[in-house]
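Peer 1:
Residue numbers (this note's numbering), protein chains in the order written: chain A, 1 to 402; chain B, 403 to 482.
1. Can you tell me the Cα-Cα spacing of residue 236 of chain A and residue 46 of chain A, whole angstroms?
2. Since residue 363 of chain A meets chain B, which of its residues come closer than 7 Å, beta carbon to beta carbon?
3. May I ask you to list, following chain order, the residues of the stretch 335 to 353 of chain A that have a beta carbon less than 8 Å from some beta carbon of chain B?
4. Which whole-angstrom value is the C-beta distance of residue 308 of chain A and residue 301 of chain A, which I expect to be below 8 Å?
5. Kindly indicate the opening and closing residues of the beta strand (DSSP E) around residue 59 of chain A.
6. Is the CB of residue 431 of chain B under 9 Å away from at least one CB in chain A?
7. Pick out whichever of A:71, A:101, A:92, A:72 has its Cα sitting closest to the Cα of residue 80 of chain A.
8. So, is residue 67 of chain A buried or exposed, given that buried needs 16 or more other C-beta atoms within 10 angstroms?
9. Any Cβ of chain A within less than 9 Å of the Cβ of residue 453 of chain B?
10. Let me confirm a value: residue 412 of chain B is counted as buried when at least 16 other C-beta atoms fall within 10 Å, else exposed. Which label applies?
11. To the nearest angstrom, report how far apart residue 386 of chain A and residue 393 of chain A are at their CA atoms.
12. Spatial neighbours of residue 63 of chain A within its chain, please: C-beta separation below 8 Å, excluding the five flanking residues on both sides.
13. What residues from chain B crowd round residue 355 of chain A, counting only those whose CB sits closer than 9 Å?
14. Whole angstroms is fine: what's the gap from residue 12 of chain A's alpha carbon to residue 192 of chain A's?
15. In the DSSP assignment, find the unbroken beta strand (DSSP E) run with residue 112 of chain A in it and report its ends.
16. Counting only C-beta atoms, is residue 389 of chain A closer than 9 Å to chain B at any point?
17. Is residue 94 of chain A helix, strand or coil when you go by DSSP?
18. Leaving out five residues before and five after residue 291 of chain A in sequence, what residues of the same chain have Cβ atoms less than 6 Å from its Cβ?
19. Excluding the 5 residues flanking residue 339 of chain A on each side, which residues of the same chain have their C-beta closer than 7 Å to its C-beta?
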């Protein structure tokens, strides 16, 4: 798709430049990650103080856990404030949970939430957060059992309760208290997981030179990808997912196996040919279907190819850096996949979608060629993988064929 | 032969026009996507300001997000 991703080997000079730029990109992401983390820590301290106003000062014990002290020194410990996280309705909910020396919650403060404001207010007005105060880390924190949920805002209530549980148990661990073991969730393995495995298999065998029915297999996998991964589950790979992983928000593998399969197949393709984009990307397939109807052609750019490719890469890098700086993976996502597959998005996203779909009737896969940030990630992975491979061959020269 | 082959590589007026149209499409769409990202950042800054003002009553003014599907966490998809 991109200029150097067409299977041809880049010249040594070009390869050198590519590697330098790959290193610069990774370094830039690392630097912004550190700056963003420092910024988030500063913002966090306000919530930590609000959760335990009686403390005179705090010391950081580990990431998201703070010891609270009375007085100037560290002689009188009041307890801990830990940041508990859980999934609410619209995304992660973070609570600063203050716990005394017996493991009882003494105060809570909302650090961040992605909940719909009206619902969040409803939960707050119902005194939901107040009822969590005074509970022990040993309590189950389950709606309908020891916690009364707010009608009409069940997901938000549950997210807050689970975040309080998470924070209280994190603090209790640092107090040396025995924390009840949590049951690991059961593994989710359903239609999307089976589909993505099957599609990777078709993509892998399909692009082998000897394979006879390449065209049929490719159209079949594209249609399945578009219908199942697109319209049924709205689960295409987005840049936000990479931002999320860079930020360290790794979801539980048991309940997010689909994503790990998709990412694993994407990054660790055995023959350096990633089948996702060409064979079953739902949005790519949708464009290609339109192209089939409109008789779209590939128009190789001559004068403007290079700067357009770099503009696309810069856009992707800017999105990643924004997401990493603000610790919000959603910021990294400007793709219009959800706009097509769930029919949800801003007016601007619908305008972009309309433009792309109209152009797709005449130009083959315009989004993939000129805009898709995932393509830039593919390029970065390709450069790094090739580099690692060459280094490995240098270290193990006997593996090279004579 | 060589001259003819070279002539074949020269872009015609039609090729140039198509290339310009594609460039115009890419530039317009990229600009719209940049505006979309800027709006996302503005929403985030609004949310941060709201959370800084009150612990229990966040004055978040961000656009309500859609119902997240099981496989597409809204914070992850972000494109809605």
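Every residue gets a Cβ at the ideal spot worked out from N, C-alpha and C, and that includes glycine.
Peer 2: Let's see:
1. 37 Å
2. 424
3. 335, 336, 337, 338, 339, 342, 344, 345, 346, 348, 349, 351, 352
4. 7 Å
5. 57 to 62
6. yes
7. A:101
8. buried
9. Because the pLDDT of residue 453 of chain B is 46, which lies under 50, any placement of that residue in the model is unreliable, and the question is left without a value.
10. exposed
11. 11 Å
12. none
13. 427, 430, 431, 434
14. 41 Å
15. 105 to 112
16. no
17. strand
18. 360, 364
19. 345, 349, 350, 353
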